[in-house]
Amino acid sequence: MICHYLWKAPETINYPESVTDAIQTNVILSETDIRQLHKAFAAELFEMAVEYVWSRAINQLRMSLLSFPNELILSLLGITDAGMLMTLPENFTIDLAYETGIIPQEGKSDLINSNELISSYDYNNSMMDKSAADFILKTVFAYIFSKRIDFRKTGFYDYLLSLKQRTAIPQGFSYYHQKITVRSLLYLLSEKNPEERNRNIGALLDEVVPMFWSELSAEDRWLVGRNYTEAVVNNDTFRIAVLKNTLLKSKGFDYVPDTISTVSYVNAAKRIIANHNTHYFYNTDAEAINYLSSLGSAIPKDAIGICISALLSVKLGNQYVHSEEAQPKVDQMIAKIKEEDFMLYFQEYLPKDEEILHHLQYDYCISRFLEFVKAKGCLEDATKQIRFPMGKDAESIKKTAERFTAELYQKKEDFHGFL
Amino acid sequence: MIYYQSAADEIRKIIENEKIQNLDSDIIDEILEFASSICSYEEEEIKIYPKIIIGNNLDFFFQQIPGLFHKTISIISEMNNFLSKIKNSISICNKDWYVYIDIGKKDIEYGFCKLNDDLTSASIEDLIYKSSYDENDILEKSFIIIKYISRNIFQIRGIRKSDQYFSFSLKPSTINLDLPNLAKCLLTRVEDNNKEAKEQFFIKLFENVRMKVHGCICLVIDSEKLKAADITRFRKSSNWLTEPIDFGKIFDTVYQNKSNEIGIISIQNYVEITLELISQDGITIFDNSGRLLAFNYFVKGKIESRFGGARRRAAESIIENPNEWDMGLYFQSQDGYSYFKEISHEKEETPI
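In the order they appear, the protein sequences are chains A and B.
Position 356 of the first sequence, counted from 1, bears residue number 1524 in the numbering used here, the numbering being contiguous throughout.
Position 121 of the second sequence, counted from 1, bears residue number 152 in the numbering used here, the numbering being contiguous throughout.
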């Protein structure tokens, strides 16, 4: 079953028939910009037209997101590195725009595909054809340039307000909704202004997290645990009391890191993933990997899942290409990771790792994945222990990845809606 | 002979209320014996300040304390006289360790635990005691801390809300209120979102003073009331710091950079310096913005006190004849007696 929106869905987009129709929906670009676009198209300089419009589009999406409170964005991203916000990479921007209801699910898929298309033409140094340019331009106008976003007028904002007043959450959310709800609640709990702090949020978190715990991804469980450690380090008595109770009820103290300095590994891994989803990743993956490597090879327990995800994303590349320059360092880091940590990743993290599951739906990535599993001998036999068909044929891997992805968005039978 | 029977009864009551399991009367007697000597504990003439955790299934609680280091030292299968086996290890408490005793059905496991707390983070006691447990979560589990507070006073606290101070003195004491009141006085002029955390920081700082400093007076002044001439006078009769140690600012800086270990080391260094300055002769001066301004400040005692030495006379003198900027005074004698007094500026009305 397809999930309904947790909050009021963005308005239905009438996907334009042509680029001309698309441009008519524009409310963002100036007349000069539009004229330049028409000229480039007329001269069949499709790549130039697309590059100009694409960077403006992502920037526009980024600005819309930055109208949300920064701490909320950081919580939704699961990072503490505020420095990433101003240069939020394409796929993170697109993901977040979907998570906050700015763009619909189809918009997210189309924008991600557009990003990867640009990537492939760039890498191959080939001329972009009209059909690719048409697709990309229609996409950005349909989902980005056709409206102005004000955080306070989004359905997501209404949802956050409603969390402050609600005393219970209905059951039956999809995994995806659970993730957004938990991360939003963690953000609301961390508001520093005592007047903004809402006891209701504490009570809600206390109910929601134990309810969702068994289905939450390992990354989100560690996020709850990390919030607790941060509260302890800052002696924030309100947050300590709430999160301690929550973890007691969830029996989740295994997911509490000893310090918050491990967050630097998480931030570094997220940077790699973010970087990897720019259309010039093959030039910059190596740099991001070098930074993670410089933190040391003893990756802390709470960061191991996200770090393996980051390394795998570089290993697999995207649907067209991978970064050759980054491979030696990635291989070096992978060699130092213990077998049991890989097993833990495939058991606990992969079924909800949307990033890698997305990669594993493309033949190019699957073939690189199979090479990696073969090189890591031990993992081939692991299929009995984990749900993923590690060493089998490409078709099984693709189908499993598709199924796992669909499960993330699937609402439960008894879900009765929220707003 | 007169005994402190009511204290013994109260300790038994706490043990029962806190549901500490696997205790027989011999073990309870040992705990009572230990409690009665906790304030005068010495090892080779060095005063020890014990902090003991006693309970069942202590691992359940330890996992709730991120960064806690704990190490089992030994498992004792002969439960009689178990404390005599542990006694020699108690000197480790002077280095901020706790000794823990986990009483099982057939044996007793003891060890040491410590949280590297920079005084700005939650402590072991903050984490265990500042939130409630559902009784269903703590079936067959218990956790109490017995710890030295001052010369005649120790405290027992438990997770089932027991929290009792015991005094061997015949004189009433307000010790449980002193440090919170001192912290509030030190931060009178501070109004920010971190104020509560800063109060906790000062409470912990002065708990360290109580344990590690052999006698001191700390005077809290309102530096906004000082005129230039007053400052000049202060400088002549004290060691006035070139730059005050502004704990409010240091705290805020560390708070924003908690993943930066240099910040944490910085605040530990300032705490060490502060303890050193407070332990110097004379009065240490703070202001009510949380800043340490001066040390080695001497006043002439104007009050003739029947009891006590120069330190006590100086303290009484300030309290009886305060300057307009004096806000509060913390006194601690060499033998551990301490108090905090807010200084009143109301003059007694002369009857017509």
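All C-beta atoms, glycine included, are put in the ideal place defined by N, C-alpha and C.
Treat the numbers as computed from the prediction; the structure is a model and nothing was measured.
Would you say the beta carbon of residue i comes nearer than 6 Å to a heavy atom of the ligand COA?
{"i": "A:A1208", "result": "Of the ligands one can find in the structure shown there are none, so the ligand COA has no counterpart to examine."}
Along the alpha helix (DSSP H) that carries residue i, what are the first and last residues, could you check?
{"i": "B:L63", "result": "56-68"}
{"i": "A:R1496", "result": "The residue asked about is misnamed: residue 1496 of chain A is Pro in this sequence, not Arg. Looking at the DSSP string, the run of the alpha helix (DSSP H) that includes A:P1496 is 1495-1504."}
{"i": "B:R266", "result": "259-267"}
{"i": "A:F1214", "result": "1214-1234"}
{"i": "A:F1209", "result": "1199-1210"}
{"i": "B:Q36", "result": "36-48"}
{"i": "A:I1369", "result": "1367-1380"}
{"i": "A:P1237", "result": "A:P1237 -> no alpha helix (DSSP H), and no H or E assigned at all."}
{"i": "B:K215", "result": "206-217"}
{"i": "A:I1408", "result": "1405-1418"}
{"i": "A:V1401", "result": "1386-1401"}
{"i": "A:A1537", "result": "It should be pointed out that residue 1537 of chain A corresponds to Phe in this sequence rather than to Ala. Its alpha helix (DSSP H) spans residues 1531-1543."}
{"i": "A:L1525", "result": "1522-1527"}
{"i": "A:C1475", "result": "1472-1484"}
{"i": "A:M1511", "result": "1507-1512"}
{"i": "B:S115", "result": "113-117"}
{"i": "B:I350", "result": "341-351"}
{"i": "A:V1489", "result": "Segment: none, A:V1489 is in no alpha helix (DSSP H) and carries neither H nor E."}
{"i": "A:Q1192", "result": "1187-1192"}
Per DSSP, residue i forms a beta bridge with which residues?
{"i": "B:D357", "result": "B:I252"}
{"i": "B:G86", "result": "B:D133, B:F174"}
{"i": "B:L323", "result": "B:I276, B:F317"}
{"i": "A:Y1459", "result": "For A:Y1459, which the question treats as bridged, DSSP gives no partner whatsoever."}
{"i": "B:K78", "result": "B:E73"}
{"i": "B:C247", "result": "B:Q363"}
{"i": "B:N270", "result": "B:F326"}
{"i": "B:Y384", "result": "In the structure as shown, chain B begins at 32 and stops at 383. Residue 384 of chain B is therefore absent and cannot be evaluated."}
Starting from residue i, trace the beta strand (DSSP E) both ways and give me its first and last residue.
{"i": "B:C31", "result": "Chain B is shown only over 32 to 383; residue 31 of chain B falls outside these bounds and no answer can be derived."}
{"i": "A:F1324", "result": "Not the beta strand (DSSP E): A:F1324 falls in the alpha helix (DSSP H), residues 1323-1333."}
{"i": "B:T103", "result": "99-107"}
{"i": "B:R188", "result": "184-189"}
{"i": "A:K1347", "result": "It is not in any beta strand (DSSP E) - A:K1347 instead sits in the alpha helix (DSSP H) that spans 1343-1357."}
{"i": "B:D194", "result": "194-198"}
{"i": "B:K372", "result": "369-373"}
Hey, residue i and residue j are a contact pair by Cβ (cut 8 Å); roughly how many whole angstroms apart?
{"i": "B:K136", "j": "B:N53", "result": "6 Å"}
{"i": "B:G359", "j": "B:V251", "result": "4 Å"}
{"i": "B:F317", "j": "B:C249", "result": "6 Å"}
{"i": "A:Y1433", "j": "A:C1475", "result": "6 Å"}
{"i": "A:I1241", "j": "A:L1233", "result": "6 Å"}
{"i": "A:L1576", "j": "A:F1537", "result": "With 8 Å as the limit, A:L1576 and A:F1537 do not qualify as a contact, their Cβ atoms being about 19 Å apart."}
{"i": "B:I117", "j": "B:I85", "result": "Not quite, the Cβ-Cβ distance comes to about 11 Å (not below 8 Å), so this is no contact."}
{"i": "A:Y1355", "j": "A:W1390", "result": "Between A:W1390 and A:Y1355 the Cβ distance is about 16 Å, and since that is not below 8 Å, they are no contact."}
{"i": "A:I1408", "j": "B:K161", "result": "7 Å"}
{"i": "B:R241", "j": "B:C70", "result": "Incorrect: roughly 12 Å between the Cβ atoms, too far for contact."}
{"i": "B:S120", "j": "B:I104", "result": "7 Å"}
Touching or not, the region 272-288 of chain B and the region 214-230 of chain B, by the rule of three or more beta carbon pairs under 8 Å?
Result yes; three or more Cβ-Cβ pairs closer than 8 Å.
Any residues in the region 154-175 of chain B with a beta carbon nearer than 7 Å to a beta carbon of chain A? Which ones, in chain order?
D157, L158, K161, S162, D168
What are the residues of the region 200-222 of chain B that lie near chain A, defined by any Cβ-Cβ distance shorter than 9 Å?
Going along the region 200-222 of chain B in chain order, one finds no residue with a Cβ nearer than 9 Å to chain A.
Give, in chain order, every residue of the region 1407-1425 of chain A whose Cβ lies closer than 7 Å to some Cβ of chain B.
I1408, A1409, K1412, N1413, L1416, F1421, V1424, P1425
Any C-beta of chain B within less than 8 Å: which residues of the region 1425-1437 of chain A qualify?
P1425, D1426, T1427, I1428, S1429, V1431, S1432
Would you check if there are 3 or more beta carbon pairs closer than 8 Å linking the region 1342-1353 of chain A to the region 1393-1405 of chain A?
Touching, no, given that fewer than three Cβ pairs across the two stretches are closer than 8 Å.
Please determine if the region 201-220 of chain B and the region 148-165 of chain B are in contact, where contact requires at least 3 C-beta pairs separated by less than 8 Å.
no
Using a Cβ-Cβ cut-off of less than 9 Å, give me the residues of the region 274-288 of chain B that come near chain A, in sequence order.
Those residues of the region 274-288 of chain B that come within reach of chain A (Cβ to Cβ, closer than 9 Å) are Y286.
When Cβ atoms are compared, which residues of the region 87-103 of chain B fall closer than 7 Å to chain A?
Going along the region 87-103 of chain B in chain order, one finds Q94, Q95, P97, G98 with a Cβ nearer than 7 Å to chain A.
Could you name the residues of the region 1377-1398 of chain A whose beta carbon sits closer than 9 Å to any beta carbon of chain B, in the order they occur along the chain?
G1393, Y1396, T1397, E1398
Tell me whether the region 41-50 of chain B and the region 139-148 of chain B touch, counting them as touching only if at least three CB pairs, one residue from each stretch, are closer than 8 Å.
Three or more Cβ pairs closer than 8 Å define a contact, and the region 41-50 of chain B falls short of that threshold against the region 139-148 of chain B.
The region 255-275 of chain B in contact with the region 319-330 of chain B per 3-pair CB rule at 8 Å
yes
Three-pair Cβ contact test at 8 Å for the region 1364-1376 of chain A versus the region 1407-1425 of chain A:
yes
Taking contact to mean 3 or more Cβ pairs, one atom from each stretch, closer than 8 Å, check whether the region 1192-1212 of chain A and the region 1309-1320 of chain A are in contact.
yes
Is it a yes or a no for the region 76-90 of chain B touching the region 1400-1408 of chain A, going by three-plus beta-carbon pairs under 8 Å?
no
What are the residues of the region 107-139 of chain B that lie near chain A, defined by any Cβ-Cβ distance shorter than 7 Å?
none
Any residues in the region 1321-1332 of chain A with a beta carbon nearer than 8 Å to a beta carbon of chain B? Which ones, in chain order?
none
Using 8 Å as the threshold, is the region 57-69 of chain B in touch with the region 98-118 of chain B, meaning 3 or more CB pairs across them?
Segment contact: the region 57-69 of chain B against the region 98-118 of chain B, three or more CB-CB distances shorter than 8 Å; contact assigned.
Could you please tell me which residues of the region 227-243 of chain B, in chain order, have their CB closer than 9 Å to any CB of chain A?
Of all residues in the region 227-243 of chain B, only E227, A228, Q231, F232 place a beta-carbon less than 9 Å from a beta-carbon of chain A.
Contact between the region 1269-1289 of chain A and the region 1302-1310 of chain A is defined here as three or more beta-carbon pairs at a separation below 8 Å; is this criterion met?
yes
Does the region 1373-1389 of chain A come within contact of the region 1503-1521 of chain A, defined as at least 3 CB pairs closer than 8 Å?
Yes: the two stretches touch, three or more of their Cβ pairs being nearer than 8 Å.
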